[in-house]
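K.L.:
Keeping their order, the protein sequence lines are chains A and B.
Numbering follows my numbering, in which position 63 of the first sequence is assigned residue number 969; successive positions increment by one, without gaps.
Numbering follows my numbering, in which position 176 of the second sequence is assigned residue number 1082; successive positions increment by one, without gaps.
Before we start, here is the structure in question, set down as structure tokens.
2 protein chains.
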Amino acid sequence: MSKREAKPLNTRSRGQTALVVKTLGRKIASAELRPGDTLPVEQDLADSLQVGRNSLREAIKILSAKGMISTAPRSGTKVRPPEDWNMLDPDLLSWHADPKIATPEFLLSLTETRRIIEPEASRLAARRATREDVARILSAYERMEQFEETEVDLDADIQFHTSILTATHNPILANFRHCIITFLNAHFRYADKDVMTTASNLAMHRKIAWAIAAGKEQDAFDATAELLEVNRGKIESEIETLKDQ
Amino acid sequence: MSKREAKPLNTRSRGQTALVVKTLGRKIASAELRPGDTLPVEQDLADSLQVGRNSLREAIKILSAKGMISTAPRSGTKVRPPEDWNMLDPDLLSWHADPKIATPEFLLSLTETRRIIEPEASRLAARRATREDVARILSAYERMEQFEETEVDLDADIQFHTSILTATHNPILANFRHCIITFLNAHFRYADKDVMTTASNLAMHRKIAWAIAAGKEQDAFDATAELLEVNRGKIESEIETLKDQ
DNA sequence: TCATACTAATTATCCTACTAATGCGCAATC
DNA sequence: GATTGCGCATTAGTAGGATAATTAGTATGA
């Protein structure tokens, strides 16, 4: 029953192509390969990565589908500028959230986006949630309440927020769940889990769930905004801590 | 100088792979291929599309990078459910916006997302825009003001809104420009361009640009919210018209 | 100076062969 | 009769070579 929200992405698998995607993708995300850089010609790159040309080419195609590189005969394979990347791609987000790569700016962009999206999403959820949607949200909340083990807590937290996004019945908004998943996963690594924080955190989630279940749109909005505001404060102080180190 | 915002996407090109991506992608987006459906085995599909197996495979990899299909040895290539698709992918959006495919629900999802993102984006732009950002926004507005030819108008409109997103200096928010581009392109086909609408439209854009340039955050928010609210009304009535037909 | 044709470098495509993973059915076992 | 384990057949994955298509850069000529 503790299955992850993150579906078995094809990139997760351990094939040659997936490996190359991850290798090159992380190099680009970490700016080891900079925008405008030209990659070695196919055969050389394939040789140096010790894969066949086909596997390399398929990896290249995947990265180009994510907007990270472009190819053209004669000019070669080039790294595209970050503004062209599909930042909501689950893989891209996970590469960015890697502790060795993640910048404070990126984490702030994530929270900022959450603060914009999620309160309105809660409002819409309060308006449109079906019985099933409400059940999912409440069940996630109960799981958060029940367990204190950190691992389960994180899963339930993710489930809680994604259920709300789903309840908006807006497929574009629902795609933001990857931001939340990425953020919570990253945050989980840094956050200090003192009991006080956990208790008030739980209370705020409860308020959100209740408001949505009761169809109180403005309450749902306010409660979510409050939760994220508190989160923002925590994040900013954590980032300060990171910077000092 | 009238170059399009839409960059030369690799998928735009006319290669075999790009063609297959488009063909299959549109079939999936239009639900001609339904979630869970299994595609024919590689060789058969390649034959029926009259391309080599490699080109087909590369197309498959691109679509799987967009979250639309999944592959596994022995089980075959399957269409994934819409909630797994990267809805902010430019190609995916353009396929959805196709008149033959676009549903009213999808257009409403787009406007709804815009109404959530853009007012807050304008607020952030008012707070953070650099001189260059402001210059871009004002220049786009001037272009809107200057020309009445519809083609140029659309470009300038797109430029106006994307400039604001860029001015937030939040790379995740900036990715929403594809929603705007898609929406405006789709809207452009249906909208009735009467002078009155254009004039008030222009005035609202002017108010937004002014507020951002002046750093008046709340004004920028309000003006953008107003613009999108008016737009929403128009869209909804247009959708009603579509439904009647 | 500009236009035009040529050349060479690089990706794109196709093919053939082989490898690896795994769903399914059959048989052995409890 | 149900369950488990095993092998086979099917399917995607990997590899590498040959050829085509594209085009940046260069040379040529008006």
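For glycine and all other residues, C-beta sits at the position ideal for the given N, C-alpha and C.
At 8 Å on the CB atoms, spell out the chain A contacts of leucine 1016 of chain B, in chain order.
P.N.:
Going along chain A in sequence order, the residues near leucine 1016 of chain B (Cβ under 8 Å) are Ile1078.
K.L.:
Let me see if you follow: with CB-CB separation under 8 Å, is leucine 1134 of chain B close to chain A or not?
P.N.:
No, its Cβ sits nowhere closer than 8 Å to a Cβ of chain A.
K.L.:
Sorted by chain position, which residues of the same chain lie with C-beta nearer than 7 Å to isoleucine 934 of chain A's C-beta, five sequence neighbours on each side aside?
P.N.:
Excluding sequence neighbours, isoleucine 934 of chain A sits near Met974, Val985.
K.L.:
Check whether the Cβ atoms of leucine 925 of chain B and glycine 982 of chain B lie closer than 8 Å to each other.
P.N.:
Not closer than 8 Å, so no.
K.L.:
DSSP on threonine 923 of chain A, reduced to helix/strand/coil?
P.N.:
Here threonine 923 of chain A sits in helix by DSSP.
K.L.:
Which residues mark the beginning and the end of the alpha helix (DSSP H) in which alanine 971 of chain B is found?
P.N.:
Segment 959-971, the alpha helix (DSSP H) holding alanine 971 of chain B.
K.L.:
For isoleucine 1114 of chain B, would you say it is in contact with chain A, using Cβ-to-Cβ distances shorter than 8 Å as the test?
P.N.:
With 8 Å as the cut-off, isoleucine 1114 of chain B does not count as an interface residue toward chain A.
K.L.:
Going straight from the alpha carbon of leucine 999 of chain B to that of leucine 1071 of chain A, what length do you get?
P.N.:
Taking the straight line joining both Cα atoms gives about 19 Å.
K.L.:
Note down the Cα distance separating leucine 1133 of chain A from histidine 1111 of chain A, rounded to an integer number of angstroms.
P.N.:
One C-alpha to the other measures close to 8 Å.
K.L.:
Excluding the five sequence neighbours on either side, which residues of its own chain have a C-beta within less than 8 Å of the C-beta of isoleucine 1141 of chain A, listed in chain order?
P.N.:
Contacts found: Leu1013, Leu1014, Thr1017, His1093.
K.L.:
Which residues in chain B sit within 8 Å of isoleucine 968 of chain A, going by Cβ to Cβ distance?
P.N.:
In chain order: Lys967, Ile968, Ser970, Ala971.
K.L.:
State the DSSP-derived secondary structure class of isoleucine 1023 of chain A, mapped to helix, strand or coil.
P.N.:
Three-state result, isoleucine 1023 of chain A: helix.
K.L.:
Could you name the residues of the same chain whose beta carbon sits closer than 7 Å to that of glutamine 949 of chain B, not counting the 5 residues immediately before and after it, in chain order?
P.N.:
Closer than 7 Å at Cβ, skipping near neighbours: Arg959.
K.L.:
Is alanine 1003 of chain B helix, strand or coil when you go by DSSP?
P.N.:
Correct three-state label for alanine 1003 of chain B: helix.
K.L.:
Starting from the beta carbon of threonine 944 of chain A, find every residue of chain B whose beta carbon is closer than 9 Å, and list them in chain order.
P.N.:
Those do not exist, as threonine 944 of chain A stays about 16 Å from chain B at its closest Cβ, beyond 9 Å.
K.L.:
Throw me the rounded Cβ distance for the alanine 1046 of chain A and phenylalanine 1066 of chain A pair, which I believe falls under 8 Å.
P.N.:
Indeed, because the Cβ distance is near 4 Å, the residues count as touching under 8 Å.
K.L.:
Is alanine 1131 of chain A near proline 1025 of chain A, with beta carbons less than 8 Å apart?
P.N.:
A contact, by the Cβ cut-off of 8 Å.
K.L.:
Once DSSP output is grouped into helix, strand and coil, what is the label at threonine 944 of chain A?
P.N.:
Strand at threonine 944 of chain A.
K.L.:
Tell me which residue opens and which closes the beta strand (DSSP E) that alanine 976 of chain A is part of.
P.N.:
Looking at the sequence itself, residue 976 of chain A is serine, so the reference to alanine does not match. Run containing serine 976 of chain A: 975-978, per the beta strand (DSSP E) assignment.
K.L.:
Can you round the beta-carbon distance between serine 1028 of chain A and alanine 965 of chain A to whole angstroms, since I take them to be within the 8 Å contact cut?
P.N.:
Incorrect: roughly 39 Å between the Cβ atoms, too far for contact.
K.L.:
Give the secondary structure of glycine 1121 of chain B by DSSP, where H, G and I count as helix, E and B as strand, and everything else as coil.
P.N.:
Correct three-state label for glycine 1121 of chain B: coil.
K.L.:
What residues match up with valine 985 of chain B in a beta bridge as DSSP calls it?
P.N.:
In DSSP, valine 985 of chain B forms a bridge with B:Ile975.
K.L.:
Buried or exposed: threonine 1103 of chain B, going by 16 or more other Cβ atoms within 10 Å of its Cβ?
P.N.:
With fewer than 16 other Cβ atoms within 10 Å, it is exposed.
K.L.:
Mark serine 976 of chain B as exposed unless 16 or more other C-beta atoms lie within 10 angstroms of its C-beta, in which case mark it buried.
P.N.:
It is buried - the Cβ of serine 976 of chain B has at least 16 other Cβ atoms within 10 Å.
K.L.:
Which residues in chain A have a C-beta closer than 7 Å to the C-beta of glutamate 964 of chain B? List them in chain order.
P.N.:
Per Cβ cutoff of 7 Å: Arg963, Glu964, Lys967.
K.L.:
On the three-state DSSP scale, how would you describe tryptophan 991 of chain A?
P.N.:
If DSSP states are grouped into helix, strand and coil, tryptophan 991 of chain A belongs with coil.
K.L.:
Which same chain residues, not among the five before or five after phenylalanine 1053 of chain B, have their C-beta less than 8 Å away from its C-beta?
P.N.:
Result list for phenylalanine 1053 of chain B: Asp1059, Ala1062, in chain order.
K.L.:
Hey, is isoleucine 1022 of chain B's beta-carbon within less than 8 Å of any beta-carbon in chain A?
P.N.:
Yes - at least one Cβ of chain A is within 8 Å of the one on isoleucine 1022 of chain B.
K.L.:
Closest to lysine 967 of chain A by CA distance: which of B:Val957, B:Val927, B:Trp1001, B:Asn992 is it?
P.N.:
Looking at the Cα atoms, B:Val927 is the closest of the given residues.
K.L.:
So, helix, strand or coil for alanine 1092 of chain A, using DSSP?
P.N.:
Three-state result, alanine 1092 of chain A: helix.
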